[in-house]
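**Student:**
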Amino acid sequence: MSNVNQRLFQDLSDAVVDMDEDKAVAKAHEVVDLGVDAYLAIEQGLSAGMERAGVLFDEEEYFIPELLMCSDAMYAGMDVLKPHLRLDGVAEKHKVVIGVVEGDTHDIGKNLVKIMLETSGFEVTDLGRDIPPARFVEKAKEIGAGLIALSTLMTTTMDGMAAVIRQLTEEGIRERFKVIVGGGPLSQGFADRIGADGYAVNAADAIRLARSLVGVDVRVETGAAA
Amino acid sequence: MSPDQMTPLARLSAYAAGQPIDRLPCVPIVGNTAARVIGAKVGAFRGNGRLIAKAQVAAYRLFNYDTIRIFTDLYTQAEAMGATVHYPEDETAYLAAPALKDISALHRLRPADPLKDGHLPHHLDAMRRAVDAVGSEVAVTGAVTCPFTNASFLVGAENLARLMMKDKGAVHKLCEITLETSLAYAEAIIDAGCTPSLTDAMSSMSVISPRQFREFSYPYLKLLIGYLHSRGKSVTLHICGKTSGIWEDMVAAGADCLSLDNDASLGEAKHAVGDRVRLMGNVHPSAIMLQGTPAEVRQATLKCLGQGHDNPKGFIVASGCSLPTETPFANIHAMLDAVREAGWPPRRE
Numbered sequence: 663m664s665n666v667n668q669r670l671f672q673d674l675s676d677a678v679v680d681m682d683e684d685k686a687v688a689k690a691h692e693v694v695d696l697g698v699d700a701y702l703a704i705e706q707g708l709s710a711g712m713e714r715a716g717v718l719f720d721e722e723e724y725f726i727p728e729l730l731m732c733s734d735a736m737y738a739g740m741d742v743l744k745p746h747l748r749l750d751g752v753a754e755k756h757k758v759v760i761g762v763v764e765g766d767t768h769d770i771g772k773n774l775v776k777i778m779l780e781t782s783g784f785e786v787t788d789l790g791r792d793i794p795p796a797r798f799v800e801k802a803k804e805i806g807a808g809l810i811a812l813s814t815l816m817t818t819t820m821d822g823m824a825a826v827i828r829q830l831t832e833e834g835i836r837e838r839f840k841v842i843v844g845g846g847p848l849s850q851g852f853a854d855r856i857g858a859d860g861y862a863v864n865a866a867d868a869i870r871l872a873r874s875l876v877g878v879d880v881r882v883e884t885g886a887a888a
Numbered sequence: 042m043s044p045d046q047m048t049p050l051a052r053l054s055a056y057a058a059g060q061p062i063d064r065l066p067c068v069p070i071v072g073n074t075a076a077r078v079i080g081a082k083v084g085a086f087r088g089n090g091r092l093i094a095k096a097q098v099a100a101y102r103l104f105n106y107d108t109i110r111i112f113t114d115l116y117t118q119a120e121a122m123g124a125t126v127h128y129p130e131d132e133t134a135y136l137a138a139p140a141l142k143d144i145s146a147l148h149r150l151r152p153a154d155p156l157k158d159g160h161l162p163h164h165l166d167a168m169r170r171a172v173d174a175v176g177s178e179v180a181v182t183g184a185v186t187c188p189f190t191n192a193s194f195l196v197g198a199e200n201l202a203r204l205m206m207k208d209k210g211a212v213h214k215l216c217e218i219t220l221e222t223s224l225a226y227a228e229a230i231i232d233a234g235c236t237p238s239l240t241d242a243m244s245s246m247s248v249i250s251p252r253q254f255r256e257f258s259y260p261y262l263k264l265l266i267g268y269l270h271s272r273g274k275s276v277t278l279h280i281c282g283k284t285s286g287i288w289e290d291m292v293a294a295g296a297d298c299l300s301l302d303n304d305a306s307l308g309e310a311k312h313a314v315g316d317r318v319r320l321m322g323n324v325h326p327s328a329i330m331l332q333g334t335p336a337e338v339r340q341a342t343l344k345c346l347g348q349g350h351d352n353p354k355g356f357i358v359a360s361g362c363s364l365p366t367e368t369p370f371a372n373i374h375a376m377l378d379a380v381r382e383a384g385w386p387p388r389r390e
């Protein structure tokens, strides 16, 4: 790969880490103008930057405000690059349905997980917040998602998570989906009790969990296909 | 289990004075679980101070813990300033929409009048009734949501997070207005014969950095606490989630007691700030209190007691945060019983 490309990818990555939306857009336009592969620019530039931001979050250098600003820069660059993706070469991505369960409107945690999942090469359908259990099941069936990710910050709404799993079981399709849960009041014990496939303590952990549950290293797989 | 020998008020004042007590103060933070004690639906609390008081007093009489806290949800002040709160029939209310769609509407925001706006008058009514019923034996507190947290309910948490990076002036302006609401509400609570109890969920390190806390939350918290001190009130400050990086600031803001969540270590807090503030905490509200067995509650309670009992400025055995509505009564009893069993000075296992 050329040094020019490497430099551009590094600039895109830095723009995300530096929360610099304007720079992310400008560098994305350079990618397009120079005819550089948009997929590589997203993966090795913008997504790599978001991963670095995630590491800074883990290390308590960055907090939620910084992470949101980083993701704003990432998505701004992505908007420029997406129309230039060559669809033929890109492998089918693992699909995830994510949302905050009914009765809760706290969605910062869910949004962070969504961002990091997208960064890691998942195709994420975000139902939003205050979502009844049946909607998760319907949507997962409809789009053929392999993973359902449930979030809540409230002890009052934890039962909604169990309801999703109960419905999958009742419909006899439990084994078609991996269900992961996360949020302030939860614990591994709770996840085990309701029969979830996994519990994540934070966004970075959710990504590790999602990757291991779908059974492949998503980045390597999609990267090789590009 | 032998019954308590002292009333909560007598216990707390003796404890503060270093005199003998029968057991450590203990506060499982009962919120809407009180509805279950009187067989009411949580939604029935809406706009009904009489029912809130009845439930909270009944819960206190059932469990004999050491502080009554009039609290249904975090949003009463935000609602009184224009936020939309959704009230499910039998679950805790939640924020449906912030007061402002956009920060450009900031100029339309006004501080709430606690005697008129939203459900604040009903909560004040509940406080007065609870004080009338049991105020001679137990402290009745009224939950006050702190300025920064309220600001997040008024513009939305994500919006506020971005504003902190992009438009600091707007965040300060917002917090100035929410501070006015908190001050007015705190004043009304004290006038009702109660003690304000501060909750600042969004000021947590699980959300913002210690630097951001110092810039956007601390100044308003300090003014609020300063006012409470001027009215002769001791201040308990609860911040959810991770807080180790801001304990010093919570102390500097003037808090007399830090109420710690499970993501904080009582032992570390004791060493860091225990010579200057009382600590309370931190049995896990969901993993232990909601989902555990009474035996697990007992074990977790004694573990907290072991960590906190020798805190130089004192210790209150408590849950890390408000209890989930469906927390089994047996678990709340088990927490109190563990503290009774340990006695004072605590017997070692």
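Taken in sequence, the protein lines are chains X and B. Counting from 1 along the first sequence, just add 662 to a position and that's the residue number in my numbering. Counting from 1 along the second sequence, just add 41 to a position and that's the residue number in my numbering. For glycine and all other residues, C-beta sits at the position ideal for the given N, C-alpha and C.
1) Would you kindly check if the distance between the Cβ of Pro-727(X) and the Cβ of Ile-14(B) is under 9 Å?
2) Inspect the beta-carbon positions of Val-826(X) and Pro-795(X) and report whether they are closer than 9 Å.
3) What runs of the alpha helix (DSSP H), each 4 residues or longer, lie entirely inside the segment 55-94 of chain B?
4) Thr-767(X) versus chain B: which residues are under 7 Å apart at the beta carbon?
5) For Ala-174(B), collect the residues of the same chain with a Cβ closer than 6 Å to its Cβ; drop the 5 residues on either side in sequence, then sort them by chain order.
6) May I have the straight-line CA-CA distance separating Thr-219(B) from Ile-869(X), to the nearest angstrom?
7) Going along the segment 842-868 of chain X in order, which residues come within less than 8 Å of chain B, judged by CB to CB distance?
8) Can the beta-carbon of Ser-822(X) be found less than 9 Å from the beta-carbon of Leu-789(X)?
9) Helix, strand or coil for Ala-807(X)? Go by DSSP, reduced to three states.
10) Spell out the partners DSSP gives Ile-793(X) in its beta bridges.
11) Run down chain B in chain order and give the residues with a C-beta less than 7 Å from the C-beta of Thr-818(X).
12) Kindly list, in the order they appear in chain X, the residues whose Cβ is closer than 8 Å to that of Ile-249(B).
13) Quick one: what does DSSP say Met-321(B) is sitting in, helix, strand or coil?
14) Whole angstroms is fine: what's the gap from Leu-215(B)'s alpha carbon to Val-276(B)'s?
15) Please report whether the beta-carbon of Leu-730(X) lies at a distance below 9 Å from any beta-carbon of chain B.
16) So with CB distances below 7 Å, who are the chain X contacts of Leu-331(B)?
17) Within 10 angstroms of the Cβ of Leu-320(B), are there 16 or more other Cβ atoms? Answer buried if so, exposed if not.
18) Going along the chain, which residues of its own chain have a beta-carbon closer than 7 Å to the beta-carbon of Phe-194(B), five neighbours each way excluded?
19) Any C-beta of chain X sitting closer than 9 Å to the C-beta of Arg-203(B)?
20) Should Glu-721(X) be flagged as near chain B, meaning a C-beta pair shorter than 9 Å?
21) Among all the DSSP beta bridges, which residues are the ones paired with Cys-298(B)?
22) So, with DSSP's three-state summary, where would you put Ser-849(X)?
23) State the start and end residues of the unbroken beta strand (DSSP E) segment that holds Glu-785(X).
24) With DSSP as the reference, identify every bridge partner of Ile-249(B), one or two as the case may be.
25) Where Val-863(X) and Ala-225(B) are concerned, what is the direct C-alpha to C-alpha distance, given to the nearest angstrom?
26) Enumerate in chain order the residues of its own chain whose CB-to-CB distance from Ser-285(B) is below 8 Å, with the five nearest sequence positions on each side excluded.
27) Mind pulling the chain X residues with CB within less than 8 Å of Gln-253(B)?
28) Using only the alpha-carbon positions, how far apart do Thr-74(B) and Lys-801(X) sit?
29) What residues match up with Ser-813(X) in a beta bridge as DSSP calls it?
30) Is any beta-carbon of chain X found at less than 9 Å from that of His-213(B)?
31) Between which residues of its own chain and Gly-885(X) is the CB-CB distance below 7 Å, once the five residues before and five after are set aside?
32) So with CB distances below 9 Å, who are the chain B contacts of Ile-891(X)?
33) Would you mind reading off the limits of the beta strand (DSSP E) that contains Phe-356(B)?
34) Please return the same chain residues whose Cβ sits closer than 8 Å to the Cβ of Ile-111(B), not counting the five positions on each side in sequence.
35) State the start and end residues of the unbroken beta strand (DSSP E) segment that holds Ile-231(B).
36) Starting from the Cα of Ile-770(X), find the closest Cα among Asp-158(B), Leu-156(B), Asn-200(B) and give me that residue.
**Tutor:** Answer, in terms of the structure:
1) What the structure shows of chain B is the stretch from 42 to 390, and residue 14(B) is not part of that stretch, so it cannot be assessed.
2) yes
3) 74-78
4) Tyr-135, Leu-136, Ala-137
5) Val-98
6) 37 Å
7) Gly-846, Pro-847, Leu-848, Ser-849, Gly-851, Phe-852, Arg-855
8) Note that residue 822(X) corresponds to Gly in the displayed sequence, not to Ser. Going by C-beta atoms, Gly-822(X) is not nearer than 9 Å to Leu-789(X).
9) coil
10) Val-763(X)
11) Glu-132, Thr-133, Pro-365, Thr-366
12) Phe-725, Ile-726, Pro-727
13) strand
14) 23 Å
15) yes
16) Thr-817
17) buried
18) Tyr-116, Ala-119, Ala-124, Leu-136, Pro-139
19) yes
20) no
21) Thr-277(B), Arg-319(B)
22) coil
23) 785-788
24) In DSSP, Ile-249(B) forms no bridge with anything.
25) 38 Å
26) Met-246, Ala-305, Ser-306, Glu-309, Ala-310, Ala-313
27) Phe-725, Pro-727
28) 34 Å
29) Val-762(X), Gly-844(X)
30) no
31) The pLDDT assigned to Gly-885(X) is 37, lower than 50, so where the model puts this residue is not dependable; a value taken from the coordinates is nonetheless given after this. Correct list, in chain order: Glu-705.
32) Nothing about residue 891(X) can be read from this structure; chain X reaches only from 663 to 888.
33) 356-360
34) Ile-93, Ala-94, Gln-97, His-164, Ala-167, Met-168, Ala-171, Val-181, Thr-182, Gly-183, Ala-184, Cys-235
35) Taken as a continuous stretch (DSSP letters only), Ile-231(B) belongs to no beta strand (DSSP E), being part of the alpha helix (DSSP H) at 209-232.
36) Asn-200(B)
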